[in-house]
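Undergrad: Structure in structure tokens, see below.
There are 4 protein chains.
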Amino acid sequence: MSKIQKNKKEKESSLYAAAYDLFTTKGIHNTAISDIVKKAGVAKGTFYLYFKDKYDVLDKIILDKSTEILSLAINKTNLKQFLSFEEKLFYFINCIIEYLKENKLLLKLIYKNLSWGVIKKACKDYKEINEIFYMFEEGFKDLDREEVEKILFMIIEITGSVCYSCIVLNEPTDIDEMKPILFETIKKII
Amino acid sequence: MSKIQKNKKEKESSLYAAAYDLFTTKGIHNTAISDIVKKAGVAKGTFYLYFKDKYDVLDKIILDKSTEILSLAINKTNLKQFLSFEEKLFYFINCIIEYLKENKLLLKLIYKNLSWGVIKKACKDYKEINEIFYMFEEGFKDLDREEVEKILFMIIEITGSVCYSCIVLNEPTDIDEMKPILFETIKKII
Amino acid sequence: MSKIQKNKKEKESSLYAAAYDLFTTKGIHNTAISDIVKKAGVAKGTFYLYFKDKYDVLDKIILDKSTEILSLAINKTNLKQFLSFEEKLFYFINCIIEYLKENKLLLKLIYKNLSWGVIKKACKDYKEINEIFYMFEEGFKDLDREEVEKILFMIIEITGSVCYSCIVLNEPTDIDEMKPILFETIKKII
Amino acid sequence: MSKIQKNKKEKESSLYAAAYDLFTTKGIHNTAISDIVKKAGVAKGTFYLYFKDKYDVLDKIILDKSTEILSLAINKTNLKQFLSFEEKLFYFINCIIEYLKENKLLLKLIYKNLSWGVIKKACKDYKEINEIFYMFEEGFKDLDREEVEKILFMIIEITGSVCYSCIVLNEPTDIDEMKPILFETIKKII
DNA sequence: AATGAATGAGCTTTCATTCAT
DNA sequence: CATGAATGAAAGCTCATTCAT
Chain A
1 MSKIQKNKKE
11 KESSLYAAAY
21 DLFTTKGIHN
31 TAISDIVKKA
41 GVAKGTFYLY
51 FKDKYDVLDK
61 IILDKSTEIL
71 SLAINKTNLK
81 QFLSFEEKLF
91 YFINCIIEYL
101 KENKLLLKLI
111 YKNLSWGVIK
121 KACKDYKEIN
131 EIFYMFEEGF
141 KDLDREEVEK
151 ILFMIIEITG
161 SVCYSCIVLN
171 EPTDIDEMKP
181 ILFETIKKII
Chain B
1 MSKIQKNKKE
11 KESSLYAAAY
21 DLFTTKGIHN
31 TAISDIVKKA
41 GVAKGTFYLY
51 FKDKYDVLDK
61 IILDKSTEIL
71 SLAINKTNLK
81 QFLSFEEKLF
91 YFINCIIEYL
101 KENKLLLKLI
111 YKNLSWGVIK
121 KACKDYKEIN
131 EIFYMFEEGF
141 KDLDREEVEK
151 ILFMIIEITG
161 SVCYSCIVLN
171 EPTDIDEMKP
181 ILFETIKKII
Chain C
1 MSKIQKNKKE
11 KESSLYAAAY
21 DLFTTKGIHN
31 TAISDIVKKA
41 GVAKGTFYLY
51 FKDKYDVLDK
61 IILDKSTEIL
71 SLAINKTNLK
81 QFLSFEEKLF
91 YFINCIIEYL
101 KENKLLLKLI
111 YKNLSWGVIK
121 KACKDYKEIN
131 EIFYMFEEGF
141 KDLDREEVEK
151 ILFMIIEITG
161 SVCYSCIVLN
171 EPTDIDEMKP
181 ILFETIKKII
Chain D
1 MSKIQKNKKE
11 KESSLYAAAY
21 DLFTTKGIHN
31 TAISDIVKKA
41 GVAKGTFYLY
51 FKDKYDVLDK
61 IILDKSTEIL
71 SLAINKTNLK
81 QFLSFEEKLF
91 YFINCIIEYL
101 KENKLLLKLI
111 YKNLSWGVIK
121 KACKDYKEIN
131 EIFYMFEEGF
141 KDLDREEVEK
151 ILFMIIEITG
161 SVCYSCIVLN
171 EPTDIDEMKP
181 ILFETIKKII
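In order, the protein sequence lines correspond to chains A, B, C and D.
Numbering of the first sequence is given in UniProt numbering, commencing with residue 1 and proceeding in unit increments.
Numbering of the second sequence is given in UniProt numbering, commencing with residue 1 and proceeding in unit increments.
Numbering of the third sequence is given in UniProt numbering, commencing with residue 1 and proceeding in unit increments.
Numbering of the fourth sequence is given in UniProt numbering, commencing with residue 1 and proceeding in unit increments.
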């Protein structure tokens, strides 16, 4: 990579990082592009060389971070051996929950903007994420892909919404108290 | 009610209605207070006699509409006789789903802003909503209030997030195709 | 005075008092008529029955309070016996200074809006104030009215501006440290 | 200076000039920022690139113009030779008075907002102004700095307030009629 | 490619004033 | 006389976007 190309990547990264920082701490609504460029240490016009607008960076952040979470969880899971699919799935889900517990601000940012569509896009673009599907297909050998997808969707949805409510809002209680019933529910789903 | 009082209520209602209309069709972000007052046919200053800002109306709308949905569903449910708690619950949940299917824009508006906290507030303020708790307590006679609340939370969360994804985004499929697995999940939860 | 007339006077006084309170604490610029009527406990429209606008009340306050200060000082002075005009004048000036020291907020309010014209108006309308002129004419028997007025003007101006600077702004020092040189100056003027 | 830097200075100056013009002719209260930018021929946003708000420009104007007046007077004074400190001081004060006579609107604008603090700031920032202090220290060789400052303060205060009253309000008479007694007073002070 | 001064549309909010009750 | 809801002009201020350098 040439020096110029490297410089470009650096500008983009610093804009991205600044936007992430501001979105999570001040909120999307309260973050102006002038805030982002100031934090990134670049000129205003430079922003428009790399992003269309505020929501363009946001979309990239959401896709990126969602991918990262799932990727971390699946990688960690694949390092271990499990006696059953259930055990493996629980470990995987727990990785996600623990990550979100540590990254409350990130959870707050992405959840309201995360959709099944984003996850499917992540699956298409990143091989590792697709391994989640393999894991599920292995667990439900007698079901067709569509059914498996629905089950995965249900589990992700319920995990996501419970995490958001418990971790971000502390409602109806904290996540550790909710975990037993969440896992029991997932157990019943599969 | 005096003529003035009636007039006041009318102004407030027309502002509320205009805001609801614009929020659902154009989105919150794209709706300016000047749009709201124009649509409501009142002066700009009048808005500030009744609401603090845009988000003040929004909060009122969310609380109101959430209450309305739950209220409608529980009232409809209470008109019928059921053989079992499960049957009753399914009917109740189905009422909500069918309502949301018919009011896609409303769902889009409130879901991302709805929280368990709002629902609990609705329960406190409106007797009818509290009947949902009675229904659940009757269904789970051997559990304490806290446990019952967690189950109710799980069911509402999963119903809400599935509805949002399927009805608003059509992901991963439409709500009718998702219903069987949703109900099966709920059945397993209880 | 009839009950109705009494009621009217009460409304006016409460508006006046509220305005005075707000002007001194929040400043004229930051006080709206709606603040005044709220504090006075009357309706907005009522304000316009008694005053033209914000500055109308202000003018009344300035005239009133200026008169009050001068009136208090001259009355207090007239209760005593003095060996010389100088002694009498110093006592009189000191009364004003001590009063302003105790009413810093009032000083802040009126000084910037006080003028020689206001004082002359006060003299015309209130007999007591005119006694200040008598005092001076007695002190300068060989000068004509015009010359006496100039001297009085000089003394009032210098006292007022020194008080404002020292009491309100504490510049260049506090009033007690400035008093010696102020009195010395006045002594030299007469 | 680059073209851009020159352009920037020009914008700022035109805003400053427009504000000065409007403040003196229409008053601060009656001048809106939109008036200033219209007169300056720049966009509204440009105003906020250079000033925080209306009062920010005002502060700059007051500091600037006060400095200018004092600077002009001291420079003019330093060009001449005098037989005594008194003569020198009278010449200096007279320069100020004559300037204010010619700039009635400026006097009206700054006097009510001028304070000893502003003058001291001007002294710190501009070497020339400090020469006023040198002049005084030379005149009062036997007094310490603090005492000299008090005397200077008294003279400036009395000159300022007499000028304001006589030039702006024509009370109690015009400045030329007041001059003899003013100078006599100053003479007695020193 | 990068800059950042300049723009001006458009937002929120205030508030003096009116007038039907 | 008194009220206070309603008005709407006009204020302050923001900020995405452009474009000459």
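Backbone N, C-alpha and C fix where the C-beta goes; we use that ideal spot for every residue, glycine too.
Does any C-beta atom of chain D lie closer than 9 Å to the C-beta of Met154 of chain C?
TA: Position 154 of the third sequence, counted from the first residue, corresponds to residue 154 of chain C. At least one chain D Cβ lies under 9 Å of Met154 of chain C.
Undergrad: If you drop the 5 nearest sequence neighbours on each side, which residues of the same chain put their C-beta closer than 7 Å to that of Cys163 of chain D?
TA: Reading the fourth sequence from its first residue, position 163 is the one you call residue 163 of chain D. So the list reads Ile97, Leu100, Leu107, Ile175, once near-sequence residues are dropped.
Undergrad: Comparing the CB of Ser34 of chain B with every heavy atom of the ligand ATP, is any distance shorter than 8 Å?
TA: This structure lacks the ligand ATP; in fact it carries no ligand of any kind.
Undergrad: At least one CB of chain D closer than 9 Å to the CB of Gly117 of chain C: is that the case?
TA: Here residue 117 of chain C is taken as the residue at index 117 of the third sequence, counted from 1. Interface residue, yes.
Undergrad: DSSP on Ile28 of chain B, reduced to helix/strand/coil?
TA: One-based indexing of the second sequence puts residue 28 of chain B at position 28. Coil at Ile28 of chain B, not helix or strand.
Undergrad: Whole alpha helix (DSSP H) runs in the UniProt domain "HTH tetR-type" (9 to 69) of chain A with 4 or more residues, listed along the chain?
TA: Within the UniProt domain "HTH tetR-type" (9 to 69) of chain A, the complete alpha helix (DSSP H) runs of at least 4 residues are 33 to 40, 44 to 50.
Undergrad: Quick one: is Ala73 of chain B buried, meaning 16 or more other Cβ sit within 10 Å of its Cβ, or exposed?
TA: The sequence position of residue 73 of chain B within the second sequence is 73, counting from 1. Result: buried.
Undergrad: Closest to Cys123 of chain A by CA distance: which of A:Gly139, A:Thr159, A:Lys80, A:Ile69 is it?
TA: For the purposes of this step, residue 123 of chain A is identified with residue 123 of the first sequence, where counting begins at 1. Checking every option, the nearest Cα to that of Cys123 of chain A belongs to A:Ile69.
Undergrad: List the residues of chain B that Glu157 of chain A touches, going by C-beta distances under 8 Å, in chain order.
TA: Along the first sequence, one-based indexing puts residue 157 of chain A at 157. Result: Ile158, Ser161, Val162, Ser165.
Undergrad: If you follow the alpha helix (DSSP H) that Thr159 of chain C is in, where does it begin and where does it stop?
TA: Counting from one through the third sequence, the residue named residue 159 of chain C turns up at place 159. Here the alpha helix (DSSP H) through Thr159 of chain C covers 145 to 163.
Undergrad: How would you write the range of the alpha helix (DSSP H) that Phe133 of chain A sits in, first residue to last?
TA: Taking the first sequence and counting its residues from 1, one reaches residue 133 of chain A at position 133. Taken as a continuous stretch (DSSP letters only), the alpha helix (DSSP H) holding Phe133 of chain A covers 127 to 139.
Undergrad: Cβ closer than 9 Å: which chain A residues qualify as neighbours of Leu169 of chain B?
TA: As a working mapping, residue 169 of chain B is identified with position 169 in the second sequence. Going along chain A in sequence order, the residues near Leu169 of chain B (Cβ under 9 Å) are Ser115, Trp116, Gly117.
Undergrad: Run down chain A in chain order and give the residues with a C-beta less than 7 Å from the C-beta of Lys26 of chain B.
TA: Counting from one through the second sequence, the residue named residue 26 of chain B turns up at place 26. The contacting residues do not exist; Lys26 of chain B stays about 16 Å from chain A at best.
Undergrad: Output, in sequence order along the chain, the residues in the segment 59 to 84 of chain D whose CB is closer than 8 Å to any CB in chain C.
TA: Correct list: empty, as no residue qualifies.
Undergrad: Whose CA, out of C:Gly160, C:Gln5, C:Glu128, C:Ile151, lies closest to the CA of Ile110 of chain C?
TA: Taking the first residue of the third sequence as 1, we reach residue 110 of chain C at position 110. It is C:Gly160 whose Cα lies nearest to the Cα of Ile110 of chain C.
Undergrad: Listing by chain order, which chain B residues have their CB less than 7 Å from the CB of Ile189 of chain A?
TA: One-based indexing of the first sequence puts residue 189 of chain A at position 189. Chain B residues near Ile189 of chain A: Thr185, Lys188.
Undergrad: Looking at chain A, is there any beta carbon in it that lies within less than 9 Å of the beta carbon of Glu149 of chain B?
TA: Taking the second sequence and counting its residues from 1, one reaches residue 149 of chain B at position 149. By this cut-off, Glu149 of chain B is an interface position.
Undergrad: Nearest-angstrom Cα distance between Glu149 of chain A and Pro172 of chain B?
TA: By one-based count along the first sequence, residue 149 of chain A stands at place 149. By one-based count along the second sequence, residue 172 of chain B stands at place 172. Approximately 8 Å between the Cα atoms of the pair.
Undergrad: Where Ile61 of chain C and Lys44 of chain C are concerned, what is the direct C-alpha to C-alpha distance, given to the nearest angstrom?
TA: Along the third sequence, one-based indexing puts residue 61 of chain C at 61. Along the third sequence, one-based indexing puts residue 44 of chain C at 44. Their backbone Cα atoms lie some 20 Å apart in a straight line.
Undergrad: Identify whether Thr77 of chain A lies in helix, strand or coil by the three-state DSSP scheme.
TA: Residue mapping note: residue 77 of chain A aligns to position 77 of the first sequence, counting from 1. In the structure shown, Thr77 of chain A sits in a helix (DSSP, three-state: H, G or I).
Undergrad: Measure the Cβ-Cβ separation of Lys88 of chain D and Phe82 of chain D and say whether it is below 9 Å.
TA: To locate residue 88 of chain D, count along the fourth sequence from 1; it is residue 88. To locate residue 82 of chain D, count along the fourth sequence from 1; it is residue 82. The answer is yes: Cβ separation under 9 Å.
Undergrad: Would a check of beta-carbon distances place Leu182 of chain C closer than 9 Å to chain D?
TA: Reading the third sequence from its first residue, position 182 is the one you call residue 182 of chain C. It does; some Cβ of chain D falls within 9 Å.
Undergrad: Identify the contact partners of Met178 of chain B in chain A, using a Cβ-Cβ distance below 9 Å as the criterion.
TA: Walking along the second sequence from the start, residue 178 of chain B turns up at place 178. Per Cβ cutoff of 9 Å: Lys150, Phe153, Met154.
Undergrad: For Leu105 of chain C and Leu58 of chain C, I'd like the C-alpha separation in whole angstroms.
TA: Looking up residue 105 of chain C in the third sequence gives position 105. Looking up residue 58 of chain C in the third sequence gives position 58. Their backbone Cα atoms lie some 14 Å apart in a straight line.
Undergrad: Could you name the residues of chain B that Lys112 of chain A contacts, counting a contact when the two beta carbons are closer than 7 Å?
TA: Residue 112 of chain A sits at position 112 when you count from the first residue of the first sequence. Neighbours of Lys112 of chain A on chain B, chain order: Lys112.
Undergrad: What number of angstroms, rounded off, separates the C-alpha of Ile155 of chain D from the C-alpha of Ile189 of chain D?
TA: To locate residue 155 of chain D, count along the fourth sequence from 1; it is residue 155. To locate residue 189 of chain D, count along the fourth sequence from 1; it is residue 189. Spanning the two alpha carbons is a distance of roughly 8 Å.
Undergrad: Would you call the CB atoms of residue 206 of chain B and Asp64 of chain B closer than 9 Å?
TA: The requested residue 206 of chain B is not part of the displayed model; chain B covers only 1 to 190.
Undergrad: What first and last residue would you give for the alpha helix (DSSP H) that runs through Lys187 of chain D?
TA: Here residue 187 of chain D refers to the residue found at position 187 of the fourth sequence. Where Lys187 of chain D is concerned, the enclosing alpha helix (DSSP H) stretches over 175 to 189.
Undergrad: When burial is assigned at 16 or more other CB atoms within 10 Å of the CB, is Thr67 of chain C buried or exposed?
TA: Within the third sequence, numbered from 1, the residue matching residue 67 of chain C stands at position 67. Its Cβ being crowded by 16 or more others within 10 Å, Thr67 of chain C is buried.
Undergrad: For Glu146 of chain A and chain B, any beta-carbon pair shorter than 9 Å?
TA: The residue given as residue 146 of chain A occupies position 146 in the first sequence. Taking Cβ atoms only, chain B reaches closer than 9 Å to Glu146 of chain A, which makes this a yes.
Undergrad: In this structure, how does DSSP classify Asn103 of chain B when only helix, strand and coil are distinguished?
TA: To locate residue 103 of chain B, count along the second sequence from 1; it is residue 103. Note: Asn103 of chain B maps to coil in three-state DSSP.
Undergrad: Quick check on Glu12 of chain C: buried or exposed, where buried means 16 or more other Cβ atoms within 10 Å of its Cβ?
TA: What you label residue 12 of chain C is simply residue 12 of the third sequence in a count that begins at 1. Under this definition Glu12 of chain C is a buried residue.
Undergrad: Does DSSP put Ser84 of chain D in a helix, a strand or coil?
TA: What you label residue 84 of chain D is simply residue 84 of the fourth sequence in a count that begins at 1. Three-state DSSP puts Ser84 of chain D in coil, outside helix and strand.
Undergrad: DSSP three-state call for Asn170 of chain D: helix, strand or coil?
TA: Position 170 of the fourth sequence, counting from 1, holds the residue named residue 170 of chain D. Looking at Asn170 of chain D - three-state DSSP - the assignment turns out to be coil, as it is neither helix nor strand.
Undergrad: Using the rule of at least 16 other Cβ atoms within 10 Å of the residue's Cβ for burial, across every protein chain shown, is Tyr20 of chain A buried or exposed?
TA: Here residue 20 of chain A is taken as the residue at index 20 of the first sequence, counted from 1. Tyr20 of chain A comes out buried.
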